[in-house]
Amino acid sequence: MGVINFEELFEAKLAKNEMIEPKDWMPDNYRKHLIRQISQHAHSEIVGMLPEGNWITRAPSLRSKLVLLAKVQDEGGHGLYLYTAAESLGTSRDEMLDALHTGKAKYSSIFNYPTLTWADVGAVGWLVDGAAIMNQVMLQRTSYGPYARAMVRICKEESFHQRQGYELMTHLAFGTPAQKEMAQDALNRWWYPTLMMFGPPDVESPNSENAIKWRIKRETNDQLRQRFVNQSMPQIDYLGLTVPDPNLKWNEEKQGFDFSEPNWAEFKNVIKGNGPCNKERLASRNKSHNEGAWVREAAMAFAKKQNENYQAA
Amino acid sequence: MNNDSQGPLWEVFLQKKAGQPFVHCGNLHAYDKEMALQNARDLYTRRNEGMSIWVVPSSAIVASSPEDMGSFFEPANDKIYRHPTFYQIPDGVGHM
Ligand SMILES: [Fe+2]
Ligand SMILES: [Fe+2]
Numbered sequence: 107m108g109v110i111n112f113e114e115l116f117e118a119k120l121a122k123n124e125m126i127e128p129k130d131w132m133p134d135n136y137r138k139h140l141i142r143q144i145s146q147h148a149h150s151e152i153v154g155m156l157p158e159g160n161w162i163t164r165a166p167s168l169r170s171k172l173v174l175l176a177k178v179q180d181e182g183g184h185g186l187y188l189y190t191a192a193e194s195l196g197t198s199r200d201e202m203l204d205a206l207h208t209g210k211a212k213y214s215s216i217f218n219y220p221t222l223t224w225a226d227v228g229a230v231g232w233l234v235d236g237a238a239i240m241n242q243v244m245l246q247r248t249s250y251g252p253y254a255r256a257m258v259r260i261c262k263e264e265s266f267h268q269r270q271g272y273e274l275m276t277h278l279a280f281g282t283p284a285q286k287e288m289a290q291d292a293l294n295r296w297w298y299p300t301l302m303m304f305g306p307p308d309v310e311s312p313n314s315e316n317a318i319k320w321r322i323k324r325e326t327n328d329q330l331r332q333r334f335v336n337q338s339m340p341q342i343d344y345l346g347l348t349v350p351d352p353n354l355k356w357n358e359e360k361q362g363f364d365f366s367e368p369n370w371a372e373f374k375n376v377i378k379g380n381g382p383c384n385k386e387r388l389a390s391r392n393k394s395h396n397e398g399a400w401v402r403e404a405a406m407a408f409a410k411k412q413n414e415n416y417q418a419a
Numbered sequence: 044m045n046n047d048s049q050g051p052l053w054e055v056f057l058q059k060k061a062g063q064p065f066v067h068c069g070n071l072h073a074y075d076k077e078m079a080l081q082n083a084r085d086l087y088t089r090r091n092e093g094m095s096i097w098v099v100p101s102s103a104i105v106a107s108s109p110e111d112m113g114s115f116f117e118p119a120n121d122k123i124y125r126h127p128t129f130y131q132i133p134d135g136v137g138h139m
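Protein chains in written order, with my numbering: chain A, 107 to 419; chain B, 44 to 139.
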């Protein structure tokens with residue numbers, strides 16, 4: 107038997123659309139790319155709980171409060187699935203949390219925008235979760251097994267997130283003129299930040315090439331963004347609302363909508379830490395982590411004591 | 044980096060319905076058995092995905108390694124006589 111060429115084995119698996127599992131050999135850069143992407147994804151789920159959590163105590167009815175609680179709880183779960191998927195690549199939970207809390211790690215720039223009115227809760231569920239779903243549906247077939255399996259579970263849970271958001275928007279859009287105006291205002295503010303969620307244009311996306319080569323991603327940022335706009339327009343029309351983009355129009359030739367690019371300078375600035383809520387989000391995460399320290403310490407001490415009693419008995 | 048960990052890792056197995064096998068569904072951190080079970084319920088069965096849960100410390104799992112996958116499973120490769128299709132059964136004796 108000859109020497110096994112691990113790199114060839116890895117490439118062959120990718121070519122056959124087989125998944126890579128934690129104990130399989132993989133190139134260092136593939137591992138690094140995944141750790142970065144999955145941990146950022148996990149951080150986004152966790153930080154993403156904050157803008158909506160902000161409205162739980164002010165939800166206008168018991169029904170909407172229950173719905174919002176359930177949604178935010180799901181997002182916490184998504185973060186946990188993803189953290190353990192990243193851990194299977196050799197990083198630790200502590201390391202990742204530390205990177206988040208010190209501001210070293212990134213998360214989706216969308217969560218650095220404020221949720222100013224109740225309509226924002228609808229717009230976030232409908233547009234932000236809608237954009238996330240588009241990305242996550244693609245990632246169900248990503249080449250790393252634990253990541254793909256986490257995505258399958260997440261996608262199942264996500265669909266209610268988008269639907270509850272759109273339902274909320276319909277109530278406002280078909281409500282009083284003031285409510286409709288609130289819905290329009292929310293759409294105006296969330297439209298471009300949502301388009302940014304798919305990442306920079308393909309021509310200047312530094313990580314895309316490898317991600318496609320390794321089948322981590324299967325579609326490019328621009329392809330996903332176009333699909334999102336195409337999918338959203340009938341939903342916006344139904345609500346009787348408009349997008350804040352004078353260039354948006356149907357293009358018969360490409361069978362899709364033409365639309366304006368978001369302001370990429372703003373995107374870069376928010377990623378750098380200068381968005382409207384970056385400092386607030388980071389402070390909230392740190393506060394919650396630090397104030398929970400005694401609970402973790404107590405649980406650890408209790409588990410240790412139980413172990414000792416068990417061994418003594 | 045601090046030592047403020049989230050407790051050890053546990054593997055979670057769910058049984059969807061009585062009589063069905065337990066299937067691995069993911070993992071989580073918890074400090075002890077009871078917390079592992081409660082966390083598994085909160086994390087993996089929010090929509091009745093299971094009616095029974097096993098949690099196992101990940102450190103207790105022994106796994107085969109992909110490198111020697113070929114040789115490890117090799118003994119089964121040349122034993123076609125372990126499969127029903129290996130045998131000739133005459134027509135007319137009914138389903139067997
Ligand atoms: Fe999520
Ligand atoms: Fe969601």
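Note that the Cβ used here is the ideal one computed from N, Cα and C, for glycine as well. Given the structure is predicted, the values throughout are model-derived calculations rather than measurements.
Measure from the C-beta of B:Q49 to each C-beta in chain C and report whether the shortest distance is under 7 Å.
Going by chain labels, chain C is absent from the structure shown, which instead holds the protein chains A and B.
Please confirm if A:T190 has its CB atom under 7 Å from at least one CB of chain B.
Nearest CB-CB separation between A:T190 and chain B: below the 7 Å threshold.
Report yes if the C-beta of A:D235 is less than 6 Å from at least one heavy atom of ligand 2; otherwise report no.
Correct: A:D235 has its Cβ closer than 6 Å to ligand 2.
Hey, how far is the Cα of A:W161 from the Cα of B:M112?
Cα to Cα, A:W161 sits roughly 52 Å from B:M112.
Start and end residues, alpha helix (DSSP H) containing A:Q285
283–302 is the extent of the alpha helix (DSSP H) around A:Q285.
Which bits of chain A does B:L71 rub up against, with CB to CB less than 8 Å?
In chain order: L186, T190.
Mapping DSSP to helix, strand and coil, what is B:H145?
In the structure as shown, chain B starts at 44 and stops at 139, and residue 145 of chain B therefore has no counterpart that could be examined.
Is DSSP giving A:F365 helix, strand or coil here?
Reduced to three states, the DSSP call for A:F365 is coil.
Any beta carbon from chain B within less than 7 Å of A:D88's own beta carbon?
Because chain A spans 107 through 419 in this model, residue 88 of chain A falls outside it and cannot be assessed.
Shorter than 7 Å from the beta carbon of A:K319 to some beta carbon of chain B?
It does not: the Cβ of A:K319 has no partner Cβ on chain B nearer than 7 Å.
Taking the alpha carbon of A:E181 as the reference point, which residue from A:I260, A:A409, A:L293 has its own alpha carbon closest?
Comparing Cα positions, the closest option is A:I260.
Measure the alpha-carbon distance for A:A405 versus A:L172 and round it to whole angstroms.
Using only the alpha carbons, I get a separation of about 29 Å.
In chain order, what residues of the same chain have a beta carbon less than 8 Å from the beta carbon of A:F112, not counting five sequence neighbours either side?
The beta carbon of A:F112 is closer than 8 Å to those of W131 in its chain, skipping five residues each way along the sequence.
Between B:P133 and chain A, is any beta-carbon pair separated by less than 7 Å?
Answer no: the Cβ-Cβ gap between B:P133 and chain A never drops below 7 Å.
Cβ neighbour criterion (16 or more within 10 Å) applied to B:N46:
Note that B:N46 scores 49 on pLDDT, short of 50, meaning its location in the model is unreliable and no value can be drawn from it.
Buried or exposed (CB count within 10 angstroms, at least 16 for buried), A:K323:
Looking at its Cβ environment, which holds 16 or more other Cβ atoms inside 10 Å, A:K323 is buried.
Is it the case that the Cβ atoms of A:Y250 and A:I126 are separated by a distance below 7 Å?
In this structure, A:Y250 sits near A:I126, with a CB-CB distance shorter than 7 Å.
Under 8 Å from the C-beta of A:D134: neighbouring residues of chain B
Neighbours of A:D134 on chain B: none; closest Cβ ~17 Å, over 8 Å.
Burial state of B:F116 (16 or more Cβ within 10 Å):
Classification for B:F116: exposed.
According to DSSP, is B:W53 part of a helix, a strand, or is it coil?
In the structure shown, B:W53 falls within a strand segment according to DSSP collapsed to helix, strand and coil.
Below 8 Å CB to CB, which residues in the same chain sit around A:M288 once its five sequence neighbours on both sides are set aside?
Shown here for A:M288: same chain residues with a beta carbon closer than 8 Å to its own, the five before and five after excluded, namely T223, W224, A225, L278 in chain order.
Reduced DSSP category for B:I96 - H, G, I as helix; E, B as strand; rest coil:
It is a strand residue.
Work out the CA separation of A:A256 and B:T88 for me, nearest whole Å.
When the Cα atoms are used, B:T88 and A:A256 turn out to be separated by approximately 14 Å.
Identify the contact partners of A:D130 in chain B, using a Cβ-Cβ distance below 7 Å as the criterion.
Against chain B, a Cβ distance below 7 Å from A:D130 picks out P109.
If I follow the unbroken alpha helix (DSSP H) through A:K423, where does it start and stop?
Residue 423 of chain A lies beyond the range of chain A shown here (107 to 419); nothing can be said about it.
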